[in-house]
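The structure appears right after this line, and notes come after that.
Okay, here's the thing in C-alpha cells:
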C-alpha cells in the first residue's frame with residue numbers, strides 16, 4: 010500500500026534525522042527513497058484512492074523539509090543537497106497533459122506563509138513556495154542556509170534539462 014510506505018519513510022526520516030538516533034548516512038539514503046516514492050505517487054487526483062495519498066505524501070514532503078537545519082544537517086551539510094534533490098524529483102514528476110512551466114506566478118502567493126495554501130499547490134509550486142516563503146524568513150541561520158542549498162539542488166535539476 011503506497012500510503013503505508015510513504016508514512017513509514019516519513020517516520021524513518023524523522024527518527025534518524027533528529028535526536029539520539031540521528032544517523033546522517035542512513036537519513037541521506039532514506040531521503041533519496043522518499044523523493045523517489047513521492048515522484049512515483051505524483052498523480053492528478055481523480056479518484057478517492059489518489060486523494061487518500063495526499064496526507065501521507067504531504068507528511069513525507071514535510072519530513073524532508075524538516076531536515077533543513079536539523080541535527081543531521083549540522084553533522085553533514087550535504088543533507089541539504091540530498092533533500093533538495095529529493096524535492097526536485099518530487100517537483101519534476103508533476104506533468105499533466107499540455108502543461109508548461111515556463112513561468113511561476115509568485116505574485117498570487119500570500120505575502121505571509123500559509124500552511125493551508127501550501128497544501129493546495131501542485132508539487133513544483135509547493136516546493137518553491139515553502140522554501141521561498143517559509144524557510145527564507147526563519148530566524149535560524151542553519152535553516153536559512155540549508156534552504157539555499159536545497160534551492161541550489163532544484164536549480165541544478167532544472168539546468169540539467
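In our numbering, the protein residues as written are 10 to 170.
Backbone N, C-alpha and C fix where the C-beta goes; we use that ideal spot for every residue, glycine too.
Cβ-Cβ distance between residue i and residue j below 7 angstroms
| i | j | result |
| --- | --- | --- |
| residue 82 | residue 155 | yes |
| residue 78 | residue 27 | no |
| residue 12 | residue 95 | no |
| residue 140 | residue 160 | yes |
| residue 97 | residue 166 | yes |
Residue i versus residue j: straight-line alpha-carbon distance, rounded
| i | j | result |
| --- | --- | --- |
| residue 138 | residue 118 | 8 angstroms |
| residue 133 | residue 29 | 33 angstroms |
| residue 67 | residue 128 | 7 angstroms |
| residue 41 | residue 47 | 10 angstroms |
| residue 69 | residue 169 | 25 angstroms |
| residue 142 | residue 86 | 22 angstroms |
Within-7 angstroms CB hit, residue i to chain C
| i | result |
| --- | --- |
| residue 95 | Among the protein chains of the structure shown there is no chain C, as only one such chain exists. |
Best match in the options for proximity to residue i [C-alpha to C-alpha]
| i | options | result |
| --- | --- | --- |
| residue 163 | 62, 93, 60 and 16 | 93 |
| residue 16 | 62, 37, 35 and 130 | 62 |
| residue 103 | 65, 144 and 49 | 49 |
| residue 90 | 31, 36 and 120 | 36 |
| residue 158 | 123, 88, 169 and 167 | 88 |
| residue 64 | 120, 33, 125 and 169 | 125 |
| residue 32 | 10, 116, 84 and 143 | 84 |
| residue 122 | 52, 69, 166 and 144 | 144 |
| residue 52 | 39, 80, 101 and 38 | 101 |
Would you say the segment 17 to 28 touches the segment 70 to 77, given that touching needs at least three Cβ pairs under 8 angstroms?
Using a Cβ-Cβ distance cut-off of 8 angstroms, the segment 17 to 28 and the segment 70 to 77 are in contact, since at least three pairs of beta carbons, one from each stretch, lie closer than that value.
Return the chain-ordered ranges of every beta strand (DSSP E) run that is complete within the segment 116 to 162 and spans a minimum of 3 residues.
Entirely contained in the segment 116 to 162, not one beta strand (DSSP E) run reaches 3 residues.
Ignoring anything shorter than 4 residues, give me the alpha helix (DSSP H) runs that lie fully in the segment 66 to 110, in order along the chain.
Unbroken alpha helix (DSSP H) stretches of 4 residues or longer found wholly inside the segment 66 to 110: 80 to 84 and 87 to 101, given in chain order.
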